[in-house]
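**Q**
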Amino acid sequence: MGEININVEHLTRVEGHGNIVLNAKDGTVEFVQWQVSEAPRFFESFVRGRPYNELSHITSRICGICSIGHSLASLKATEAAMGIQITEQTQILRRLAIHAENLQSHVLHVGYLVAPDLLGAPSVVPLASSHTDAVLKIVGLHRLANEFSNLVCGRTVHPVSLIVGGFSHIPSEKQLKEIRQKWVDAIPDVVAVAEIVLSLAHKLPNFTRETEFIALTADDEYAIYDGDIGSTDGGRWPVAEYLDITNEFVVPHSTAKYTKHKRESYMVGALARFNLNYDKMGPLAKEWAGKFGLQPVNHNPFMNNVAQLVEIVHSIEDTLAQIDKLLEMGVNVNERPKYEVKAGRGVGAVDVPRGILFHDYTYDDKGVCVKANCIIPTNQNHNNINLDFQAIAPTLLNLPEKEIELTLEMLVRAYDPCISCSTHYLDVQWKR
Amino acid sequence: MKPKVAFFDFASCEGCQLQVVNLEEAILDVLALVDIVSFREAMKEHSDDYDIAIIEGSIARPIDIDRIKKIREQASILITIGACAHLGGVQRLGNQWDAEANKVEVYERHPGSEITKGDSNPYFAQIKHRAVSEIVKVDAAIPGCPIDSNEFGKVLVALLTGKKLPIPDYPVCVECKKNENICVFETGGFCMGPVARAGCGAPCPTHGGECEACRGYVDHPHTQAHGEVLKKYGLSPDDIMTKRTMYNYRDFEDKGGD
Amino acid sequence: MKIISKQDFDAFINALIQDESLDVEGVKAKGDKFVFGPLDTATELRLDYDVTILPPKKYFLPQYETMMHFDISTGKATAPAMDTKKVIVGVHPYDLIAIQQMDKYFFDTNVDDIYLQKRKNSLLIGVMPAKASEKAFYGDLMKNAGTPELHFDLMVTDLGVLYAVLPGTPEGAQLLSRATSRDAQPQEIEAAKNKRQEAIDRATRGLKVGPKAWHSLLSNNYMSSIWKEMADQCLACGSCTLVCPTCFCYDVNDEVGLDLNTGVRTRTWDGCLLRDFTKVAPGEIFREDIVERYRHRINRKGKYLPESMGFVACVGCGRCSSQCVPDIADPVNLINKLAEATMDTIPDTNMGHVPEKSDLGIIASDSLYIPRTATIRRMMKLTKTETFFEIGLDDGQPLGHVPGQFVEVSIYGVGEAPISVSSPPGGNTFQLIVRNVGDLTNKLHSLSEGDKIGIRGPFGTGFDTEGMRGKNILFIGGGLGIVPMRSLIKYVLNNRADYGKVMILYGCKDPSELLFKDEISQWENTPGVEMHRTVDTCAEGENWDGQVGVITTIMPMVTFDPLNTIAVVVGPPIMYRFVNRDLLNMGMPEENIIVSLERRMKCGVGKCGHCQINGIYVCKEGPVFNYKDIKDEPEAFS
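Chains as they are written, first to last, in the working numbering: chain A, 726 to 1157; chain B, 128 to 385; chain C, 3 to 640.
Take a look at the structure:
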C-alpha cells in the first residue's frame, strides 16, 4: 500500500492560513499535524498605550467575520474594568447584535463553505448554476443577516454603533418592526435550506472522539452574551477565572497559541453551546435538532455544522422574542451611556459563532490600556483538531488519497476555523 | 476572454474579502465579468494562472515578502483591498516596538514560548508590518477598514472599462454633510473627517462614531489647521498623536516619526 | 388668512400623510438638532425648531440625483420617473428666499428641466420661526429690505393656542380647504404680523454692512490680508458650502453597473472650497491655494451672483458658521472684519438678497442634459495624442455653431467633456480635434468610425465675425489653441473679401505636436496670408523649417496697424500674460484683443459652477472674451 503523504498548504474555505500534514507508511500513520502559519499581528502588545474607547475598534480588527463578537467582548472587559453598568435596552440590543453575527456567520459557513463538500462541488460558484434556487435562498438569508447587523451595529464588518456603556446609534421602533417581519418571512427559506442539508446529512462522517466541550452557560437563557464558563465534564466558573480553563501554551508549528483544560484538549463553538445549553433552545430549533438526531452530548465534531444550522433557527426565534421585549419596553433612541473613567482590570466573555471568546484588559487611571489578553475561539479548537486528526487518520488509510484529504479538510472546516483571529491558514500535506 | 482574478491574503482580519462576499447577489454579476480562479476564503479551486491579483493584508515577514513578490511577477494588475494592505493596518502600531519585544509581550508568559524567539522559525521571523506598496508596485488601492462593498464593485468596473479609479480626493466631511449628520465635534467627539479621504459614505459619523481616517488622508490634508481644531476642542499633543496614528502610523513613519 | 386650532392642524397634516398621492416631508428632531424628513405622523413635526442641519434645497437639488438612466448598448437615455408630489412642511422664510434665489438661478437662460420638474412637483408650507438659532442673522439682512413677496403655498404663524395660516397660491388655498379652519379676525391678522416682526428682530447679530453694500465692500477688499488670515485656519472640508441653501454647484458622474452596460448619470453637491473643484482633465487646478477658494465662496455670495443674477446669495440662516469647526465661515464675522479694515466708504447697490417672486409657469424647452445622438463619420490620427473626428448629428441637422463655440461630447458610462468645434460653420457635419487627456477623451480615441456618441450644444459665445469685418486679423495660437482658432481661420478665408490682412502665428512644443500640417502649408501659400511657425524646442536633426523659440519671439516678424487689427489669442493659460503684454506694448488697444479661455466646463449651461473666473461663467459668457472685458478679473490670467 506504500506511502501516503498529504500536505495541504493553505487550506481553503476557511478564514486564515493553516496546513494539514499527513505522512503514512504501510498502513501506519507516521505523522499527522494541523499547522497554523498565519503572520502574528501582536494585538495584545500594540493595544498598550491606546485609550479605552479605542480598544473595541482596534480589537474588532482581530477578525472580520467575528468583529461584532470581538467588539462586545472588548466592551464587556472595559466595562468590567471600570465598573460601568449597562441598561436593559443595551443588553437586549447587544443580544441582537450577537444573533445578527451568528446568523450571518453560520449562513456563510453552512451555505457557502460546507454545502459544496456535501454536494461534491469545489465551491459555491458552480452551485450557483447547478442549485440556483437553493443558492439564491442562502444568499437572501445572508443578505438579511447583514441588513440586520447593519441596523443594530451600523456596519456588519467592524461595527460602529457598539460603544463603551451602550450604543452611539439606536434603531427606531419602525426599523425594528420591519426587520422583525423580514425574519418572520424568512423562516420558510430557512426551513427549505435545512431540508436540503437534512437530505445530505448522511454524507457527514460518523466519527466520534470523546472530548470536553466549553461554552458560556446561564440559568435562564441559551447563553451567548452573558453567563458563566460551563463544561460538559461538569463544573461552572465565573468568567474572571478564565485563565484556569484556557491554559494557553505555544507549539512550534503554529503562530496561534494552543489551549487545554483538564483533558488534553477541549472544543468550543456551536456544538459546545448545544451540548451545554440545549434545554434552553427555542421550540423550532429543538424540532430541527430532533430531525437531525442531534442530542446532547454529541461527540462528533462534524455535527458542529448541524449545530450551527440548529442555532440559525434558534437565533431567529430569540431575535423575534428580544425585539418583542424591546418594543414592549419602548425604544429610547436617544439613550447614551454615562460613566467615569477609572483604573482597573476586567474580563469580558461572549459566545460568538466559533465559540467562547475572552478579552482581558488592565487600564491606568486615565483609561489607557497597559495590559491585554485575548483568547480566541479558534485557538481553543486547534489542539482539539490536532487530536481529532490523530484519531481519525488511521481509520482512513484504506481510502483513496483524495478522499482522505477531503475528509481531513471537512473535519477542519467543521470547526469553522477563523485562523486570522487565532492569528491564520489551512494547507493538507500528503505522504502516502 | 474574461480576466482571471485571484485573491490573496496576508496579515489581516480577512474582513475585506468578506466585504466582497457581502456583495451578495451582485457577486453573480462579478462572476459574469471575471473568472475568479483563487479565493481561498470561499473556494477550493486554485490556479496560479491569473491576470488580476487582489491582495488583503499587511506584509510582515520574509516569507510574506517572497510570496507577494511572486504574486506581483505573475499578475498584470495588482489591487490591494483594505487598510492593512494600503497603510499597514492597525497592527502597524506594533512597529513602535521591535519584533522581539512584541513576542515577549504576547508569548512569553506561556509554556513553549522559547520557540518564538529569534529568526530560526520562519513563522516567527523578523515581524514588521508594512503596506504592500512598500514592497511591490500597486496598481490600485481600495482603501478602508473594511473596504466598502460598492466601492469594490465600482473600482472593478473602472478597471475593466479603462476609467480612472473612482476614489475621491476630498475629505469625509463632504459625505458626512450630505448624510445630514450632526458634526462629531458638536457632539463632543474628535474627528479625523476633515483630513481623511472620503468614498466610504461616512458610516462612522453617521452611526454616532468618529472618523478614524482608516482610508488614509486626502492628497493635500490641511493638517495644521486640523491640529489647531483638535487643540481648540481640548486634545493634548499626545492625544492628537494617538488620533493620528491609529490608522496612519505609516504617515508617521514616512515622515521619520518624531 | 385662516385660523386653525393646533389640534385641527395636526389632523390636517395627518390627513395629508394618509393621502397616498402625497409625500409629506417636514421638520423633525435629530438628536438635539433638526432635519427635514418624511413624516410618519403629525406629532413628529417640530414647528418650534430653530434651524435644520441641511436646508430644504435637498428636495430640489438632492445630495445625489439621477439625471438619466442610460443603456450603453442601445445608446439610449431616459429621464428618471417622476416622484410622488411632495408637501414640505415647516420652511422658514430665509429658506423660502433661498429657494427663490435657486429658482432664479436654475431658470436663468437655460431652464434646468430636472430642477423645474421637482420644483413644480412640490408644495411649500412655510412657518414663521419660533426661535432663532445662535448664528442666524436673517434679521440683519432684512433691515431695509422692506416687505418682499415670498413664494409659498401656505404660511403658518404660531399664535399660541392657534395657528394663523395664509395661502400664497391657489394650490395652497386648495390644500388648506382640507383643514377645518375659519377666517382670521383683524386682531389675529395684526398678531400674525407682529409675530413676523418679532421673528425677524430675534435673528440679529450686529452685521455692520447690509447686503446691498457687500458688493462694494468685497470689490474694495479683494486683496485684503484678511483672506489669508482666515484661510490659514480653513480645513478646506467644504462643509460651509455643503450646508448652504444658496450654494448650487454640483458635479456629474456616470455610474455603470456590474453588467458594464446599464447605469445612471448622477449629479451630486460639489463645493468651491474643495481642491478638485476647478481641476481640468490635463491636471491644471485654477484655485489651488485655500485662500483663493476661501475668498471665492464669499465673493460669489456678495459680489459675483449680485452681478450675474441681481441678488446677494446669502439668506442669514447661519448654517455655514455653525458647521465650521475652526469657526471662520461666519459671514457676519467676515463682513464686519472687512468693514473694520476698510477706510473707504461703502456705497449701497440696488442688489439685496430677495429676488422677485418665482414664476413656476416657466416652460423648459428641451432636456438640458440629455444629449443628441451623433455618429463618428471620419477619424484620423494627427499626432501621438491628438485625433481628428468628423461628427454628424443623427437627426441630420447641422450643428449650427459659430466659430469659437464648443460642444459637450457625451459617452454613456464615461461622462462628458467640453470640446471646441474646429470646423467653420455650415455643412451637415462638424469637426473636433481631441487630445487624449482624460477618461472621456481616452474613450473617444478608442472608438471607430460609425460609432455613436452624444452631443450637447453648441455652447458659449463665439468669435464676433461681424465685428471683425474690414479689419486685419492677427491669429496667435499656442498648442491646442489652434483648434478653436481653425474654425475662425477657415471662416475668414472662406469669406476672404470681408477681412483685411490675415496673419497667423502658431507655436507648439516641438515639431511632432504640430497640427494640420497640410492645411498650414495651404495657408502659407494663400495670397494675403502671412504665416509664421515656431516650436519651443527642436531636437537635433529633426525636420523643421520654422522658427525655434516661444511664441512671443515670432511676434515681431509681423507688422500691422494696431488700431485696425484684431488679435485673436488662444493658447495655454501661461501664454496669455506674455502675448497680451507684447500686443499692448505694440500699441494695440485692449478692445482689439480677443481671447478664448479654458476652464472646467462640466455642464456647459451655466449651472454646475466649475468654470467660473471670479463671477464669470466661462461656458456661458465665454469661452471667447474681449480682453478689455475680462482683464480686470483677477483669476482670468493669473
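Every residue gets a Cβ at the ideal spot worked out from N, C-alpha and C, and that includes glycine.
(1) Fully enclosed by the region 929-986 of chain A, which alpha helix (DSSP H) runs are 4 residues long or longer?
(2) Less than 6 Å between C-beta atoms, sequence neighbours within five positions excluded: which residues of the same chain meet that for methionine 559/C?
(3) Is it true that the region 225-232 of chain B meets the region 162-169 of chain B, where meeting means three or more beta-carbon pairs spaced less than 8 Å apart?
(4) Look at the alpha carbon of asparagine 545/C and the alpha carbon of valine 537/C, and state the distance between them as a whole number of angstroms.
(5) Less than 8 Å between the beta carbons of glycine 304/C and leucine 220/C, yes or no?
(6) In angstroms, rounded to a whole number, what distance separates the CA positions of arginine 601/C and threonine 45/C?
(7) So which residues of chain A does proline 238/B contact, with C-beta pairs closer than 8 Å?
(8) Using DSSP's beta-bridge definition, name the partner residues of serine 7/C.
(9) At a CB-CB cut-off below 7 Å, which residues of chain A make contact with tyrosine 250/B?
(10) Please check if any C-beta of chain B sits within less than 8 Å of the C-beta of serine 1145/A.
(11) Got a sec: is the Cβ-Cβ distance from alanine 499/C to anything in chain B below 8 Å?
(12) Which of helix, strand or coil does DSSP assign to isoleucine 491/C?
(13) Can you list, in chain order, the stretches of the beta strand (DSSP E) that have 3 or more residues and sit fully within the region 10-41 of chain C?
(14) I believe proline 333/C touches glutamine 235/C by the beta-carbon criterion, under 8 Å. Please report the beta-carbon distance rounded to the nearest angstrom.
(15) How long is the line joining the alpha carbons of glycine 184/B and serine 227/C, rounded to whole angstroms?
(16) Tell me whether the beta-carbon of arginine 295/C lies closer than 8 Å to the beta-carbon of cysteine 326/C.
(17) Three-state secondary structure (DSSP) at valine 356/C?
(18) Comparing alpha-carbon positions, which option in Arg905/A, Leu925/A and Ser874/A lies nearest threonine 1044/A?
(19) Just curious, the alpha helix (DSSP H) that threonine 1044/A is in, first and last residue?
(20) Below 6 Å CB to CB, which residues in the same chain sit around lysine 130/C once its five sequence neighbours on both sides are set aside?
(21) Using 8 Å for Cβ pairs, my map puts asparagine 223/C next to leucine 340/C. What's the rounded Cβ distance?
(22) Cα separation between proline 896/A and aspartate 42/C?
(23) Taking Cβ-Cβ distances below 7 Å as the criterion, which residues of the region 300-324 of chain B are in contact with chain C?
(24) Along chain B, which residues have their Cβ under 7 Å away from the Cβ of asparagine 628/C?
(25) Please state if the CB of valine 282/C and the CB of lysine 230/C are separated by a distance shorter than 8 Å.
(26) Could you work out which residues of chain C lie near lysine 358/B, taking near to mean beta carbons separated by less than 7 Å?
(27) Applying a beta-carbon distance threshold of less than 7 Å, which residues of chain B neighbour alanine 238/C?
(28) What is the rounded straight-line gap between the Cα of isoleucine 888/A and the Cα of threonine 280/C?
(29) Looking only at its own chain, which residues have a Cβ that is under 8 Å from the Cβ of valine 113/C, when we skip the five neighbours before and after it?
(30) Relative to the C-alpha of glutamine 176/C, which residue among Val163/C, Asp155/C and Gln187/C is closest?
(31) Could you tell me the boundaries of the alpha helix (DSSP H) in which cysteine 322/C lies?
(32) Could you check which residue in Pro420/C, Pro574/C, Thr264/C and Gln9/C has the C-alpha nearest to that of aspartate 156/B?
(33) State the Cα-Cα distance for the pair isoleucine 55/C and glutamate 313/B, rounded to the nearest angstrom.
(34) Could you check which residue in Asn587/C, Val266/C and Gly33/C has the C-alpha nearest to that of proline 82/C?
(35) Quick check on this structure: which residue in Arg1061/A, Phe938/A and Thr942/A has the alpha carbon closest to the alpha carbon of valine 1022/A?
(36) Check the DSSP bridge columns for glycine 375/C and list the partner residues they point to.
**A** Quick look at the numbers:
(1) 967-971
(2) His534
(3) no
(4) 12 Å
(5) yes
(6) 50 Å
(7) Contact annotation for proline 238/B against chain A: Phe974 and Val975 [CB-CB distance below 8 Å, chain order].
(8) Leu164/C
(9) What tyrosine 250/B touches in chain A, judged by beta-carbon distance under 7 Å, is Ser762 and Thr980, going in chain order.
(10) Because the pLDDT at serine 1145/A is just 43, under 50, the model does not fix this residue reliably, and the point stays unresolved.
(11) no
(12) helix
(13) Within the region 10-41 of chain C, the complete beta strand (DSSP E) runs of at least 3 residues are 24-32 and 35-40.
(14) The beta-carbon distance between proline 333/C and glutamine 235/C, rounded to whole angstroms, is 16 Å. This is too long to meet the 8 Å contact definition.
(15) 48 Å
(16) no
(17) coil
(18) Arg905/A
(19) 1029-1054
(20) Sequence check: residue 130/C is methionine here, not lysine. Scanning its chain for C-beta atoms nearer than 6 Å, with the 5 sequence neighbours on each side dropped, one finds around methionine 130/C the residues Thr159, Lys197, Arg198 and Ala201, in chain order.
(21) 5 Å
(22) 16 Å
(23) Cys300, Val301, Lys304, Lys305, Glu307, Ile309, Cys310, Phe312 and Pro321
(24) Under the 7 Å cutoff, chain B gives no residues; its nearest Cβ is about 36 Å from asparagine 628/C.
(25) no
(26) Within chain C, no residue comes near lysine 358/B; the closest Cβ sits about 11 Å away, beyond 7 Å.
(27) His349
(28) So the two alpha carbons sit approximately 40 Å from each other.
(29) Ile364, Ile365, Ala366, Ser367 and Leu370
(30) Asp155/C
(31) 321-325
(32) Thr264/C
(33) Going by the C-alpha atoms only, they are around 12 Å apart.
(34) Val266/C
(35) Comparing Cα positions, the closest option is Phe938/A.
(36) Per the sequence shown, the amino acid found at residue 375/C is threonine instead of glycine. The partner list for threonine 375/C (beta bridge, DSSP) reads Gly456/C.
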